[in-house]
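Numbering (mature numbering (1 follows the signal peptide of the UniProt record, and there is no 0)), first residue to last: -25 to -1, 1 to 170.
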């Protein structure tokens, strides 16, 4: 027992000294910073695959304008016969662009969903089309050239267009542009909403 009485304190002292010993700190880890690869989000966009900025560049090239005011629109004289139809909506700039294949055929100002009723970002197919349609939710309001994009009744249609978000979620277009877009699209064509 006497030996154990001497060994125990010596062991505790040795353990304490071992805990106090200093070891050199490891060198700092330097992480390599990689340059961005692939797509870089355009400045000011919450979500984009680059369709809206590219469409704006095509608008400048095709129509010779850098901006389009409320209720203004442009359409080419001749639409190509071949090519996939795509509609691009730019929430940030309150614009829409119509493509047929690689050709921009139209550009217009829009009015999208106001605060609390924001138009949803994403890829949407045109589900139904109605030349003359009336809202079931908002006092039977006329929605000419309506093209529904989701099961809740959100879509593209002609309507009041102050050039800023003011709708209940739909994408309001100048009515003459809405008529041309309606004639261009088919059920299943893609609407890409960026912003």
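We put the CB at the ideal spot given by N, CA and C, even for glycine. Given the structure is predicted, the values throughout are model-derived calculations rather than measurements.
Query	Result
Tell me, which residues are paired with residue 148 by DSSP?	133
So residue 148 and residue 131 are in contact, right, with Cβ under 8 Å, and what is the actual spacing, rounded?	6 Å
Between the stretch 118 to 133 and the stretch 89 to 105, do three or more beta carbon pairs fall short of 8 Å?	yes
So which of 46, 37, 139 has the shortest CA-CA distance to residue 172?	Coverage of the chain is limited to positions -25 through 170, which leaves residue 172 absent and any answer about it impossible.
Going along the chain, which residues of its own chain have a beta-carbon closer than 6 Å to the beta-carbon of residue 51, five neighbours each way excluded?	80
Is it buried or exposed for residue 168, if we count other Cβ within 10 angstroms and need 16 for buried?	buried
Nearest to residue 89 by CA position, among 69, 166, 140, is which residue?	140
Measure the Cβ-Cβ separation of residue 77 and residue 170 and say whether it is below 8 Å.	no
With a threshold of 16 other CB atoms inside 10 Å of the CB of residue 31, please say whether the residue is buried or exposed.	buried
Taking its Cβ as the centre, do 16 or more other Cβ atoms sit within 10 Å of residue 13, making it buried, or is it exposed?	In this prediction, residue 13 has a pLDDT of 49, which is less than 50 and means its spatial position is unreliable; what the coordinates show is noted afterwards. Classification of residue 13: exposed, given that the 10 Å Cβ count is below 16.
Going by DSSP, what residue range makes up the beta strand (DSSP E) through residue 141?	Neither: residue 141 is in no beta strand (DSSP E) and is coded neither H nor E.
Using only the alpha-carbon positions, how far apart do residue 55 and residue 21 sit?	32 Å
State the DSSP-derived secondary structure class of residue 30, mapped to helix, strand or coil.	helix
If residue 84 sits next to residue 43, beta carbons under 8 Å apart, how far is it from one beta carbon to the other, in whole angstroms?	5 Å
Compute the Euclidean distance between the alpha carbons of residue 28 and residue 96, then round it to the nearest angstrom.	15 Å
What residues in its chain sit with their C-beta under 6 Å from that of residue 166, if we drop five residues either side in the sequence?	62, 99, 124
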